[in-house]
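Participant: Protein chains in written order, with the working numbering: chain A, 4 to 295; chain B, 120 to 411. Even glycine gets a Cβ: it sits at the ideal position worked out from N, Cα and C.
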Amino acid sequence: MTNQNQAAPSRVRIQTGAATIPAAVTGTTAAPAFQPELVFDARDVSIFYGAKQALSAVTLGIRRGEITALIGPSGCGKTTFLRSLNRMNDSVSGFRIDGSVRYHGHELYGGNVDQVEVRRRIGMVFQKPNPFPKSIYDNVAWAPRNLGLRRGLDERVEEALRGAALWDEVKDRLKDSALGLSGGQQQRLCIARAIAIEPDVLLLDEPASALDPIATGAIEDLMHSLKGRFTIVIVTHNMQQAARVADRTAFFSLETGGEKPVGTLIEVGETEQIFSNPRDPRTRDYVTGRFG
Amino acid sequence: MSDRLTPDPSAPLTPSGNLKRRQLVSRAAELAATAAAVAAIAVLAIVIWTVASRGIKAIDLDFVFTGYPTGVGPMLLGTIVISLVATLMAMPVGVLIALFLTEYAGAKGVRSMKMVLDLLNGLPSIVLGVFVFALLVDHKQQSGFAGSVALAIIELPLIARGSQEVLLLVPKGLREASDALGVARWRSVLTVVLPTALGGIVTATVLAVARAAGETAPLILASSVFDPKSFTVNPFESMPNVPVWIYKLSEEGNPEGFAEAWGMSLLLVSFILFASLGARALLARSKRKLSS
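1. Leucine 338/B: which of Ala378/B, Ser369/B, Val246/B sits nearest, CA to CA?
2. Quick one: is leucine 150/A near chain B, going by C-beta distance under 8 Å?
3. Any beta carbon of chain B sitting closer than 8 Å to that of methionine 242/A?
4. Looking only at C-alpha atoms, which of Glu356/B, Ser357/B, Trp381/B, Met358/B sits nearest to leucine 368/B?
5. What does alanine 72/A pair with, by DSSP beta-bridge criteria?
6. Taking serine 103/A as the reference, which of Ala199/A, Phe84/A, Arg196/A has the closest Cα?
7. Given a cut-off of 8 Å on the beta-carbon distance, is the pair valine 61/A and arginine 90/A in contact?
8. Could you compute how far the alpha carbon of aspartate 237/B sits from the alpha carbon of proline 276/B?
9. Since serine 228/A contacts serine 180/A with CB under 8 Å, what's their CB separation in whole angstroms?
10. Which whole-angstrom value is the C-beta distance of threonine 351/B and proline 193/B, which I expect to be below 8 Å?
11. Could you pull the start and end residues of the alpha helix (DSSP H) that valine 121/A belongs to?
12. What is the DSSP secondary structure of glutamate 270/A, counted as helix, strand or coil?
13. Could you pull out every residue in the same chain whose Cβ sits closer than 6 Å to the Cβ of alanine 398/B, ignoring the five residues on either side in sequence?
14. Leaving out the 5 sequence neighbours to the left and right, which residues in its chain are closer than 8 Å to leucine 214/A when beta-carbon positions are compared?
15. Between threonine 315/B and chain A, is any beta-carbon pair separated by less than 8 Å?
16. Give me the chain E residues within the contact set of glutamate 120/A, using Cβ-Cβ distance strictly less than 8 Å, ordered along the chain.
17. Could you check if glutamine 38/A is buried or exposed, using at least 16 other CB atoms within 10 Å of its CB as the buried criterion?
18. Taking its Cβ as the centre, do 16 or more other Cβ atoms sit within 10 Å of phenylalanine 278/A, making it buried, or is it exposed?
19. For proline 188/B and lysine 233/B, what's the separation of their Cα atoms in angstroms?
20. Pairs of beta-carbons, one from the segment 265-280 of chain B and one from the segment 203-219 of chain B, closer than 8 Å: are there three or more?
21. Can you pull out the residues from the segment 198-209 of chain A whose beta carbon lies closer than 7 Å to at least one beta carbon of chain B?
22. Taking 8 Å as the CB-CB limit, is alanine 164/B close to chain A?
23. What residue does the alpha helix (DSSP H) around phenylalanine 84/A start on, and which one ends it?
24. So which residues on chain B does methionine 127/A lean against when the C-beta distance must stay under 9 Å?
25. Would you mind sorting alanine 54/A into buried or exposed? The rule is 16 or more other CB atoms within 10 Å of its CB.
26. Step through the CB atoms of chain B and report whether any lies within less than 8 Å of the CB of lysine 178/A.
27. Kindly indicate which three-state DSSP category methionine 210/B falls into: helix, strand or coil?
28. Could you check the C-alpha separation between valine 170/B and glutamate 375/B for me, to the nearest Å?
29. Note down, in chain order, each residue of its chain lying with its Cβ closer than 7 Å to the Cβ of valine 209/A, except the 5 sequence neighbours on either side.
30. Rounded to whole angstroms, what's the CA-CA distance from isoleucine 217/A to isoleucine 200/A? Just pull it up for me.
31. Within the continuous alpha helix (DSSP H) that includes serine 297/B, where are the two ends?
32. Would you mind telling me which residues of chain A sit closer than 7 Å to glycine 292/B, beta carbon to beta carbon, in chain order?
33. Got a sec: is the Cβ-Cβ distance from asparagine 89/A to anything in chain B below 8 Å?
34. Buried or exposed for threonine 153/B, going by 16 or more other Cβ atoms inside 10 Å?
35. Using a Cβ cut-off of 9 Å, pull out every chain B residue sitting near glycine 123/A, in sequence order please.
36. I want to see whether chain A comes within less than 8 Å of valine 249/B, judged by CB atoms only; does it?
Below, the structure is given as structure tokens:
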């Protein structure tokens, strides 16, 4: 595990070129003494949509119980990477993935892996709130029911809604349509729906990008409260958001290696280090608002 | 040299050259198109007016609820049963075809299946009548059921295409949401996609029934030898029905029979008219619900 985890930063250093190494080395050599358990271990992951390459050779470990933020400009492949972690890209025509993504040591794209089982354990919340056109209660109860978890359904729904910090707002109108909720409430309902089946991991794809600042704050508070119970990976355009919620941050960017720009992982590290003392000048330019 | 493309800029802004003639041609085309549209409305209005003015005299309670010679109750009942049985056969298959088109088929499958449905929709009803005659009536006996089979074939493409249209309106986000919850596709289809599209599917079915209820050719072959006095609901014998009875009465040259035929025509036309208008209103409502 030691070597796997260290592989990511060292690989990045090589890619960024000799000039940047000296400043960077001092930061990385102080490796943590304990070995965090990896939930995802992605190695050399390249993703293609048809002939177009979206992501090039990403090596990234996601640690258990932590919040990992994926940041970077539009089109840099961060959402593509996120969706590859629970195989949501499989239904996109022309999708192809090279390299290896291990989930608790199991090859995620292995031959005997069932997509439905993968998503049962790795839940996802999308950019746009997408509640079912059903009641609030039925939205949360839907997946447990279909997975055969019928016993104690009321308690499960309540617990999920409490977990998503929504219970107090909706407890008196559980039978009302979920479509009547505000955008922020709908998104928290989607999170409640996802945690109602007690997944291992939550993938959040820009969960607050369609929300106002107050609703965004509620979602961020919620993420802090979910931390530890779930391993969380969040894609965000909003750097302050990453700085506020994430333990570790990975910066993706578009790199013009060949003739066409391809999404690349530039740097990953503790959030504080990424924002205060980035090793790579491209990261520094991005987090300080100076685009390369 | 006299053909100057750029007119003298100081000339007054009145039509120059052949502009007058071109405007006249343009006006004529517009007029012809509008007249054609008005003609279509006029045809519908004249047909409805003729049927209504001649048929209304024949209609009273006895006409609807008693048998020959005072009323046409058995024919109405027979048409209801034949259409109902046809719909019970066509609706599940039609909805499954629509699900195949929207949930399972690839682009190629969709293209070829749409063509098959369009061809099926274009089959002359007399051909279907002959087909059903050879299959179910010849060497056996006429039956309402044989008529239902022919009508089911007529309804099938209408239900399939209509349902497909509504299923396509179900937001992609809902399918992604249910996929991401680790629930197998069929459960999602059954409990999220179909209920969301239900209004539209019902509409498509009602429109198909309205179309099929008036089909005469298949019934002349399948269910034309009947006793106009007997109320029967057994589809495995020849059943009295409205289209064939209208046809028979019209052939007889008996003025009372004509009045009765007009009465039945009015009932048939009003059913089709109200069913179509009602169904369209329902469809518009469920489309609004889906797009908001």
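Facilitator: On the basis of the data shown:
1. Within the second sequence, residue 338/B is the residue found at index 219, counting from 1. Taking only the C-alpha atoms, the option nearest leucine 338/B is Val246/B.
2. Here the question's residue 150/A lines up with position 147 in the first sequence. Chain B, which has a Cβ nearer than 8 Å to the Cβ of leucine 150/A, makes this yes.
3. Sequence index remark: in the first sequence, residue 242/A carries index 239 (1-based). Closer than 8 Å: no.
4. What you label residue 368/B is simply residue 249 of the second sequence in a count that begins at 1. Per the Cα distances, Trp381/B.
5. Taking the first residue of the first sequence as position 1, residue 72/A is located at position 69. Per DSSP, Ile237/A, Thr252/A.
6. Position 100 of the first sequence, counted from the start, is the residue given in the question as residue 103/A. Of the candidates Ala199/A, Phe84/A, Arg196/A, the one whose C-alpha sits nearest the C-alpha of serine 103/A is Phe84/A.
7. As a working note, residue 61/A is residue 58 in the first sequence. As a working note, residue 90/A is residue 87 in the first sequence. No. Outside cutoff.
8. Here residue 237/B refers to the residue found at position 118 when the second sequence is read from its first residue. Here residue 276/B refers to the residue found at position 157 when the second sequence is read from its first residue. Rounded to the nearest angstrom, the two C-alpha atoms are 7 Å apart.
9. Start at 1 with the first residue of the first sequence, and residue 228/A comes out as number 225. Start at 1 with the first residue of the first sequence, and residue 180/A comes out as number 177. The pair is not a contact, with the Cβ atoms about 26 Å apart (cut-off 8 Å).
10. If you number the second sequence from 1, residue 351/B lands on position 232. If you number the second sequence from 1, residue 193/B lands on position 74. Confirmed, Cβ separation roughly 7 Å.
11. Your numbering for residue 121/A matches position 118 in the first sequence. Start and end: 118-124.
12. In the first sequence, the residue the question calls residue 270/A occupies position 267. Glutamate 270/A falls in the strand class under three-state DSSP.
13. The residue you call residue 398/B lines up with position 279 of the second sequence. These residues qualify, in order along the chain: Thr322, Val325, Leu326.
14. As a position in the first sequence, residue 214/A is number 211, starting the count at 1. Only Gly186, Gly187, Gln190, Ile222 meet the Cβ criterion.
15. For the purposes of this step, residue 315/B is taken as residue 196 along the second sequence, with counting starting at 1. By this cut-off, threonine 315/B is an interface position.
16. In the structure shown, chain E does not exist; the protein chains are A and B.
17. Translated into the one-based positions of the first sequence, residue 38/A becomes position 35. By the C-beta density criterion, glutamine 38/A is exposed, having fewer than 16 other C-beta atoms within 10 angstroms.
18. In the first sequence, counting from the first residue as 1, residue 278/A sits at position 275. Buried, because 16 or more other Cβ atoms sit within 10 Å of the Cβ of phenylalanine 278/A.
19. Along the second sequence, read from residue 1 onward, the residue named residue 188/B stands at position 69. Along the second sequence, read from residue 1 onward, the residue named residue 233/B stands at position 114. Cα-Cα distance, rounded: 46 Å.
20. yes
21. Ile200
22. Stepping through the second sequence from its first residue, residue 164/B is reached at position 45. No, no contact with chain A.
23. Residue mapping note: residue 84/A aligns to position 81 of the first sequence, counting from 1. Unbroken alpha helix (DSSP H) run through phenylalanine 84/A: 81-87.
24. Counted from its first residue, the first sequence places residue 127/A at position 124. What methionine 127/A touches in chain B: Glu295, Ala296, Asp298, Ala299, Leu300.
25. Within the first sequence, the letter at position 51 stands for residue 54/A. Under this definition alanine 54/A is an exposed residue.
26. On the first sequence, position 175 is the one that residue 178/A refers to. No Cβ of chain B is located within less than 8 Å of the beta carbon of lysine 178/A.
27. Taking the first residue of the second sequence as position 1, residue 210/B is located at position 91. DSSP places methionine 210/B in helix when its eight states are reduced to three.
28. As a position in the second sequence, residue 170/B is number 51, starting the count at 1. As a position in the second sequence, residue 375/B is number 256, starting the count at 1. Going by the C-alpha atoms only, they are around 15 Å apart.
29. Against the first sequence, residue 209/A aligns to sequence position 206. Note that residue 209/A corresponds to glutamate in the displayed sequence, not to valine. Answer for glutamate 209/A: Gln130, Val238, Thr239, His240, listed in chain order.
30. Numbered from its first residue, the first sequence carries residue 217/A at position 214. Numbered from its first residue, the first sequence carries residue 200/A at position 197. When rounded, the distance between both Cα atoms is 27 Å.
31. As a first step, residue 297/B is located in the second sequence; it is residue number 178 there, counting from the start. Note, serine 297/B: alpha helix (DSSP H), 291-299.
32. Locating residue 292/B in the second sequence gives position 173, where the first residue counts as 1. Going along chain A in sequence order, the residues near glycine 292/B (Cβ under 7 Å) are Phe129, Lys131, Asn133.
33. Walking along the first sequence from the start, residue 89/A turns up at place 86. At least one chain B Cβ lies under 8 Å of asparagine 89/A.
34. Position 34 of the second sequence, counted from the first residue, corresponds to residue 153/B. That one is exposed.
35. Position 120 of the first sequence, counted from the start, is the residue given in the question as residue 123/A. Glycine is not the amino acid found at residue 123/A; the sequence shown has arginine there. Those are Leu300, Gly301, Val302, listed as they occur along chain B.
36. Counting from one through the second sequence, the residue named residue 249/B turns up at place 130. Not one chain A Cβ lies under 8 Å of valine 249/B.
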